[in-house]
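The structure appears right after this line, and notes come after that.
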Amino acid sequence: MRGFWARSAAKPYGVASILIVAAGLALSGCSTVDDMLFGSGDEPPPASQTAEAGTLPLTTGQPGASYATGGAYSVSVAPVTVSSGTDTGTAVNKTIQQLRGQVAGISQRISGYAQRLSDIRNANASSATAYQSAKGHILARLQMGTTRGNPELVQEWNGAQSALDQLSGNINTLNALGTDVNNDASSAHYALDQIVATFNVSGAVDEDHRQLSVLEDETNQTIIVIDRVLKDVSDDLQRQTTYVGNERANLTALANSIKNGELYSGGSAGLLTPSSYRPGARDGGVSPIATIPFSRGAADYRQSLYTTLNNTLASQPNANFRIVAVSPTRSTASGVQSAQTTAKRRAQGVLQAMTEMGVPASRLSISSATDPNLSAGEVRVFAR
């Protein structure tokens, strides 16, 4: 639990807090197989970094990479072109120009985000391929039988550990990307609110309202594109977290098998397989452990959420958590759609916050719902 207190003073989703989490996970994989096989005087901690029941771990649940077999993992987006407009000389038009510049800047940065995600995916694919190659060679040798503590397999194990550490080294990069995308997504939604509000400002001419209508459409398109990139980053984080968590445990099992010169149980050395992620299940009348409204001026929820998670895990050590984006239905069709998009984006932020707090991704899921009784969207967290 020290990990969260060390991070809570930093800006939410900030780079500083992410680096602390990433460094913790990277260090968790730095021991060599020699220590695991022969000891270092004291019993070393397991490499799987599995959370103690009922507690939030310091570094559990950090992202690595999904299974990779090579090739390009590019992310293709089509940034929205923001149209220019003539200066009508009104005060309203000056506001329009400022808003247009904000939206254009966000649109231009989207391509950079997509390229950064492509680079991360390709780097992870390369490291995952190296890791799987080393692990596969070890398994093949152990399956046929070999000497106890074979130094050749020890060297192979250290190579696999190094490749997995490289995957862990990309954790802060992926989290930083998610932070940047999330910040611009929030800015885009705020700009859209400002555009809608500007329609009601007096002193505009017809050309001003025409430009506002065009800019509103372009901002909505920009939000769709950036929300898709944000979802891609979040999905990668979920998938890679599960992969690295499982493979840390697999390396521990392999170390024990190398020590004995054969696979345990004559099979796969107790190796773990990636757990599935199934969003969208119903929560059937169960009350949420936390409800997070996102009206303007709402206080930061992270501290209270962290306390709630700890209390829940104290009474339910094996609890899983479902994050539900809840949006209202009392609006126009476009208003309902906008509310759903905003709620989903907020839920992604809560999921990222819980991951940074140390909740393993294998114990998290996310879905969406509507509530006709709501006037503003909120995020609900359920334990099961």
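If you're matching positions, the sequence shown starts at 3 in this note's numbering and goes up one per residue. The beta-carbon is built from N, C-alpha and C at its ideal position, and this holds for glycine as well. None of the values given here were measured: they were computed from a predicted structure.
Taking the continuous alpha helix (DSSP H) assigned at residue i, which residues delimit it?
i: Val105; result: Ala93 to Met146
i: Thr310; result: Arg304 to Ser317
i: Asp238; result: Asp208 to Asn262
i: Asn172; result: Element bounds for Asn172: n/a, residue is neither H nor E.
i: Val338; result: Ala335 to Met359
Using only CA atoms, which one of the options lies nearest to residue i?
i: Val94; options: Asn124, Asp208 and Asp121; result: Asp208
i: Arg151; options: Leu179, Glu264 and Ala106; result: The question names Arg, yet the displayed sequence has Gly at residue 151. It is Glu264 whose Cα lies nearest to the Cα of Gly151.
i: Asn320; options: Thr334, Gln168 and Leu366; result: Leu366
i: Lys346; options: Met359, Arg332 and Val328; result: Val328
i: Ala1; options: Ser109, Phe296 and Ser86; result: As shown, the chain starts at 3 and ends at 386. That puts residue 1 outside it, with no answer to give.
i: Gln350; options: Lys233, Thr309, Gln305 and Leu256; result: Lys233
i: Leu376; options: Ala206, Ser336 and Gln342; result: Gln342
i: Ala130; options: Asp302, Arg241 and Ile228; result: Arg241
i: Asn184; options: Val231, Ser76 and Val84; result: Val231
i: Tyr303; options: Thr200, Asn124, Ala355 and Gln223; result: Ala355
i: Val338; options: Asp373, Gln305 and Arg348; result: Asp373
i: Thr83; options: Val77, Gln134, Gln110 and Ser336; result: Gln110
i: Ala125; options: Lys261, Ala255, Leu169 and Arg332; result: Leu169
i: Arg250; options: Ser120, Gln305, Gln134 and Gln100; result: Gln134
i: Thr221; options: Gln305, Thr254, Asp186 and Ala335; result: Asp186
i: Leu176; options: Asp238, Arg143 and Met146; result: Asp238
i: Leu2; options: Gln100, Ala106, Ser85 and Ala255; result: With the chain represented from 3 up to 386, any question about residue 2 goes unanswered, as that position is not in the structure.
i: Leu253; options: Asn322, Ser204, Gln157 and Gly87; result: Gln157
i: Thr149; options: Thr90, Val203 and Asn262; result: Asn262
i: Phe323; options: Ser333, Ser204 and Asn312; result: Asn312
Give me whichever residues DSSP pairs with residue i in a beta bridge.
i: Phe384; result: Arg324
i: Ala292; result: Val383
i: Ala80; result: Answer is none; Ala80 lacks a bridge partner.
i: Leu366; result: Phe323
i: Ser329; result: Thr372
From the beta carbon of residue i, is the nearest beta carbon of chain E less than 8 Å away?
i: Val246; result: The structure shown has no chain E; it contains just one protein chain.
Are the CB atoms of residue i and residue j nearer to each other than 8 Å?
i: Arg382; j: Thr244; result: no
i: Ile140; j: Ala162; result: yes
i: Ile122; j: Asn172; result: yes
i: Leu194; j: Ile98; result: no
i: Ala132; j: Ala165; result: yes
i: Ala206; j: Thr92; result: yes
i: Ile112; j: Pro81; result: yes
i: Ala190; j: Thr224; result: yes
i: Asp219; j: Tyr115; result: no
i: Leu155; j: Ile260; result: yes
i: Val77; j: Ser120; result: yes
Quick one: what's got a C-beta closer than 7 Å to residue i's C-beta in the same chain, skipping five residues either side?
i: Ile291; result: Thr310, Thr314, Val383, Phe384 and Ala385
i: Leu353; result: Ser236, Ile325, Leu366 and Ile368
i: Gly63; result: Only weak support is given to the placement of Gly63: the predicted model assigns it a pLDDT of 31, under 50, and the question is left unresolved by the model.
i: Glu380; result: Thr293, Ile294, Pro295, Phe296 and Val328
i: Ala106; result: Val84
So, for residue i: in the same chain, excluding its five sequence neighbours on each side, which residues have a beta-carbon less than 6 Å away from its beta-carbon?
i: Lys137; result: Ala162
i: Leu307; result: Ala292
i: Gln104; result: Ala193
i: Arg118; result: Leu179
i: Ala371; result: Val326 and Val328
i: Arg332; result: none
i: Ser85; result: Val216
i: Gln305; result: none
i: Arg348; result: Phe296 and Val381
Which residues in the same chain have their Cβ closer than 8 Å to the Cβ of residue i, if we skip the five residues on either side of it in sequence?
i: Phe201; result: His211 and Leu214
i: Thr344; result: His191, Phe296, Ser329 and Gly379
At a threshold of 7 Å, does residue i count as lining the ligand ZN (C-beta to nearest heavy atom)?
i: Ala142; result: Among the components of this structure there are no ligands whatsoever, and the ligand ZN is therefore not found.
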